[in-house]
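**Q** Starting off with a structure, shown below.
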């Protein structure tokens with residue numbers, strides 16, 4: 001028996017104990033070409049035992065490329081599952097977000113057909129049957145199964161509800177290798193229009209659902225015990241750049257409070273992942289704002305610091321994505337301190353426009369790059385190479401009260417410490433448009449774009465955000481583009497389509513975006 | 001006294017009769033540089049008497065360029081106001097949408113600083129003070145003023161509520177030249193977060209507000225009688241192309257009903273403006289679907305036909321934008337037939353993600369162009385020249401149950417009947433991304449993109465939507481882009497940045513997008 005309770009104690013619907021199987025015994029259920037739905041979200045709460053057993057099976061029997069699946073999961077899952085599956089050529093379609101070197105390689109070499117979508121839309125559309133009319137097998141990690149066959153999630157809710165709506169068969173992984181998360185979730189499977197109900201959330205910790213997702217017991221084909229923990233990432237370190245960005249944002253918040261446009265405890269915070277997000281959370285832990293709340297997608301280790309600072313009253317998210325060390329052990333040891341203040345919600349609600357706009361979230365995310373008109377690229381490096389996916393950035397950036405993107409102004413390449421500018425004349429791929437962003441920030445400064453017309457926006461971004469190494473280059477382009485288009489009466493938002501990507505082309509060919517001039521690209525034409 | 005009731009009968013708050021002025025007497029209130037907020041929406045319900053008097057004043061006294069204003073209005077207003085103001089150099093900033101040759105000229109030549117935003121965001125952000133901390137003078141057209149100083153709108157609600165939140169002074173135009181619209185509106189001024197309330201709309205004709213917008217009587221500086229009617233556009237004729245597109249959409253709706261993904265009476269329809277939208281509404285009037293509902297932004301003449309067909313049960317919109325002839329006379333003569341079935345809402349609610357997503361609207365809009373990955377350009381011809389603005393397309397396309405864009409596959413230029421393809425390799429400006437659209441349609445066919453990865457999406461769009469004159473050209477580009485990027489492991493969404501805009505450049509230089517080859521553009525480099 002586990003120190004956290006036996007399988008028998010976790011499975012309170014006793015008839016299901018007849019369906020207990022080993023992960024290896026589940027392998028036979030899977031056939032090439034099946035549509036699979038997993039629990040899990042940014043790697044928290046995903047099934048591990050069965051996916052690992054399936055990978056072992058494929059590897060041992062040299063079935064690479066002969067057992068390929070379509071994977072529908074709330075977001076990324078641990079590398080020991082999807083990334084290993086990618087190396088074993090076990091993935092055909094993959095929606096809507098992923099992490100891992102090998103899966104990214106498969107996607108960008110054309111072997112894996114990945115698609116991404118705003119996560120709130122992915123969740124509901126999956127339930128509507130837009131991706132596949134049915135899920136052949138669902139694999140759901142749970143803390144417990146209730147007497148009436150309710151599935152109590154673990155560290156995330158993801159798209160469990162929508163998967164269950166369209167799943168033919170369900171395999172349950174009961175995780176007895178960690179405490180039960182029962183009571184932390186607010187489970188609800190939204191109805192399909194025209195019967196969809198209001199989500200009556202008026203503060204971050206309001207609850208509108210129940211503690212488990214109802215599941216038809218006849219669909220359950222196996223119950224598997226698992227002791228695998230989430231392989232969460234340790235958080236990125238802060239650096240001087242991130243701290244400078246966080247400083248600009250703290251200053252901005254203070255100014256907005258003074259102007260009467262933000263209350264003294266701000267509004268519910270949504271924060272992406274990474275070093276800048278961590279620096280912002282760090283800034284808040286040390287800052288003047290109290291009684292903060294969080295309404296976001298993913299809670300990471302730094303949120304524990306913010307709770308410990310006494311300044312955070314409540315947090316809502318789709319997943320508790322702590323690091324394997326030291327995050328989860330710290331959380332489990334101080335359960336009572338954190339658990340009551342956290343609500344884990346289904347993706348279809350954590351990211352729904354309705355509560356985000358009603359609560360008035362402050363949305364903060366890091367793009368790959370943004371351009372001088374504030375179009376942002378969140379997904380495709382160089383305009384074509386997928387990193388992870390869109391995630392929920394668009395859900396929050398479109399619906400927040402304040403919509404902020406932050407990025408270092410430059411990144412190094414192998415040959416040039418200032419080889420890449422993250423503020424470009426024209427983004428080669430666009431996930432968020434100029435109509436979505438209010439504020440962009442780099443370590444150079446913060447540009448408040450609210451109410452600015454495109455050319456005013458461009459000048460403000462150049463003045464405030466562009467690195468000094470790039471300021472004359474981008475200013476020259478902007479001046480040239482204005483001159484050429486305004487003269488022709490086509491200059492609302494000037495661009496020159498024979499030159500707008502010259503910096504990106506130079507990067508691909510010469511390892512830096514610092515171009516010498518804006519002459520039309522004869523060298524690239526030859 | 002007007003045949004529709006006297007000014008005295010319309011102004012039920014009698015103390016305000018002391019503030020009755022002529023439009024000319026109001027001119028003195030206006031100073032150069034002021035921020036003005038008007039009622040009105042796509043030209044319905046906008047003030048006319050005072051703006052016309054101001055224009056006359058400027059023209060008569062040669063004040064062009066010496067009396068410039070910042071205009072914040074829900075959307076476009078009649079040409080006799082904003083477009084004439086543009087010719088008189090009376091506009092500095094203009095948000096968020098406009099119509100008219102002269103205002104467009106001013107914008108694209110850099111004299112008028114226009115900005116656009118998703119209309120639902122514009123509405124709320126105006127009230128939050130993001131565009132200007134205060135409106136110096138509001139000019140609001142009303143049907144009546146109630147005893148408790150409630151403003152009863154005319155043919156649109158627009159952003160009256162948000163303007164009143166931040167207005168210093170208010171001028172009221174009471175329109176006695178047409179019947180009162182009292183009772184048709186559902187007025188509500190949403191609170192600012194964290195106090196914003198749920199919008200408990202569960203069907204198109206649910207009402208959650210009151211019949212008038214409360215106004216502080218002390219802010220009212222003048223009450224002006226007006227008899228000007230809205231200068232609404234007559235609807236565009238249908239043509240074979242529009243009818244073919246409508247046919248594909250009707251077929252698709254039927255298939256979705258059969259597949260169980262749409263109920264038999266469909267879901268609330270949102271439809272843009274123009275000939276394709278009219279053809280779709282025409283198709284519905286003759287089609288098999290009954291008990292339809294509409295939840296949209298603008299109701300136009302064709303909606304009267306749909307009501308007359310007996311197939312439309314209810315319609316919600318921000319404005320009733322009928323034509324001056326024959327739309328409004330037809331509507332006024334048959335008031336009882338239509339009035340009970342129509343709810344006019346504030347823009348902040350007609351376009352709010354919350355009801356749009358809950359009701360599950362079917363969103364249909366026409367872009368300037370879309371590309372092979374389903375990024376769409378709704379605003380800037382050639383990527384830089386503003387037409388009208390973003391409007392509410394993004395509110396509906398991001399939040400609808402089904403997100404559809406429709407366009408002819410080609411448009412003529414002066415020298416080539418197939419000079420412009422509306423399906424391009426890469427859109428030169430993007431307002432809606434690949435993450436927002438489910439379906440794209442041309443007269444060639446309908447591409448259902450749900451669940452497709454980018455390269456599968458591109459092939460489907462090329463196969464189904466591209467005109468035969470352009471199919472080999474775009475296929476060649478796509479094949480070439482795949483080949484070059486996949487080989488380098490950067491081919492999730494292939495593009496070639498040295499060639500992706502060659503068709504657009506050729507159009508600018510040679511009057512057609514039908515290029516002879518995809519060679520890197522030496523001729524354009526010389």
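Protein chains in written order, with UniProt numbering: chain A, 1 to 526; chain B, 1 to 526.
We put the beta carbon where it would ideally sit given N, CA and C, even for glycine.
Please classify residue 190 of chain A as buried or exposed, where buried requires at least 16 other C-beta atoms within 10 Å of its C-beta.
**A** buried
**Q** Under 6 Å Cβ to Cβ from residue 147 of chain A, same chain only, skipping five residues before and after it: list those, please.
**A** 12 and 13
**Q** In whole angstroms, what separates the C-alpha of residue 245 of chain B from that of residue 502 of chain B?
**A** Straight-line Cα distance between these residues: approximately 28 Å.
**Q** Roughly how many angstroms lie between the CA atoms of residue 132 of chain B and residue 453 of chain A, to the nearest whole one?
**A** Near 13 Å, if we compare the C-alpha coordinates of residue 453 of chain A and residue 132 of chain B.
**Q** Alpha carbon to alpha carbon, what distance is there between residue 407 of chain A and residue 449 of chain A?
**A** 16 Å
**Q** Listed from N- to C-terminal order along the chain, which residues in the segment 472-493 of chain A have their beta-carbon within a distance smaller than 9 Å of any beta-carbon of chain B?
**A** 481, 482, 485, 486, 487, 488, 489, 490, 491, 492 and 493
**Q** Does the CB of residue 453 of chain A have a neighbour CB from chain B at under 8 Å?
**A** Yes, residue 453 of chain A counts as interfacial toward chain B.
**Q** Would you grab the beta carbon distance between residue 403 of chain A and residue 371 of chain A for me? Rounded to a whole angstrom, and I think it's under 8 Å.
**A** Under the criterion of beta carbons closer than 8 Å, residue 403 of chain A and residue 371 of chain A do not qualify as touching, at roughly 16 Å.
**Q** Who does residue 371 of chain A pair with in a DSSP beta bridge?
**A** Paired residue(s): A:424.
**Q** Quick check on the DSSP output: what are the complete beta strand (DSSP E) runs of length 3 or more inside the segment 453-495 of chain A, in order along the chain?
**A** none
**Q** Decide if residue 200 of chain A is buried, meaning its Cβ has at least 16 other Cβ atoms within 10 Å, or exposed.
**A** exposed
**Q** With distances taken Cα to Cα, identify the nearest neighbour of residue 215 of chain A among A:139, A:86 and A:380.
**A** A:139
**Q** Based on the DSSP output, what are the partners of residue 95 of chain B in its beta bridges?
**A** B:72
**Q** Closest by CA to residue 528 of chain B, which one among B:411, B:298, B:219 and B:349?
**A** Since the first residue shown for chain B is 1 and the last is 526, residue 528 of chain B is missing from the structure and cannot be characterised.
**Q** Mind checking if residue 132 of chain B is an interface residue toward chain A, Cβ cutoff 8 Å exclusive?
**A** Interface residue, yes.
**Q** Using CA atoms only, rank isn't needed, just tell me which of A:419, A:373 and A:514 is closest to residue 481 of chain A.
**A** Comparing alpha carbon positions, the residue from A:419, A:373 and A:514 closest to residue 481 of chain A is A:373.
**Q** Select from the segment 85-118 of chain A all residues with a C-beta closer than 8 Å to any C-beta belonging to chain B, and list them in chain order.
**A** 93, 95, 105, 107, 108, 109, 110, 113, 114, 115, 116, 117 and 118
**Q** Reducing DSSP to helix, strand and coil, say where residue 9 of chain A ends up.
**A** helix
**Q** Given that residue 430 of chain B touches chain A, what residues does it touch there, using C-beta distances under 8 Å?
**A** Under the 8 Å cutoff, chain A gives 375, 430 and 433.
**Q** Quick one: is residue 17 of chain B buried, meaning 16 or more other Cβ sit within 10 Å of its Cβ, or exposed?
**A** exposed
**Q** Give the residues of chain B in contact with residue 386 of chain A, contact being defined as C-beta atoms less than 7 Å apart.
**A** Taking a Cβ-Cβ threshold of 7 Å, the residues of chain B close to residue 386 of chain A are 492, in chain order.
**Q** Which word fits residue 61 of chain A, buried or exposed, when buried means at least 16 other C-beta atoms lie within 10 angstroms of its C-beta?
**A** exposed
**Q** Does residue 43 of chain B come out as helix, strand or coil in the three-state DSSP assignment?
**A** coil
**Q** May I ask you to verify whether the segment 329-341 of chain A touches the segment 359-371 of chain A, counting CB pairs closer than 8 Å and requiring at least 3?
**A** no
**Q** Let's see if you can read the secondary structure: which residues bound the beta strand (DSSP E) around residue 106 of chain B?
**A** Counting along the chain, residue 106 of chain B falls outside any beta strand (DSSP E), though it belongs to the alpha helix (DSSP H) covering 101-108.
**Q** Rounded to whole angstroms, what is the Cα-Cα separation between residue 527 of chain B and residue 252 of chain B?
**A** Nothing about residue 527 of chain B can be read from this structure; chain B reaches only from 1 to 526.
**Q** Find the residues of chain B that neighbour residue 505 of chain A, judging by a C-beta separation of less than 7 Å, and give them in chain order.
**A** 497 and 498
**Q** Can you name the residues that DSSP bridges to residue 345 of chain A?
**A** In DSSP, residue 345 of chain A forms no bridge with anything.
**Q** Would you say residue 501 of chain B faces chain A, with C-beta separation under 8 Å as the test?
**A** yes
**Q** Output needed for residue 426 of chain A: all residues of its chain with C-beta closer than 7 Å, excluding positions within five of it in sequence on either side, in chain order.
**A** 371, 495, 500 and 501
**Q** Between residue 282 of chain B and residue 222 of chain B, what straight-line distance do the alpha-carbon atoms span, to the nearest angstrom?
**A** Near 44 Å, if we compare the C-alpha coordinates of residue 222 of chain B and residue 282 of chain B.
**Q** Which first and last residues belong to the beta strand (DSSP E) in which residue 403 of chain B is found?
**A** Per DSSP, residue 403 of chain B belongs to the beta strand (DSSP E) from 402-406.
**Q** Going along the chain, which residues of the segment 337-360 of chain A sit with their C-beta nearer than 8 Å to a C-beta in chain B?
**A** Cβ contacts with chain B: 352, 353, 354, 357, 358, 359 and 360.
**Q** DSSP three-state label for residue 208 of chain A, please.
**A** coil
**Q** From this set, B:66, B:485, B:493 and B:467, which residue's C-alpha is nearest residue 458 of chain B's C-alpha?
**A** B:493
**Q** DSSP state of residue 87 of chain A, grouped into three classes?
**A** helix
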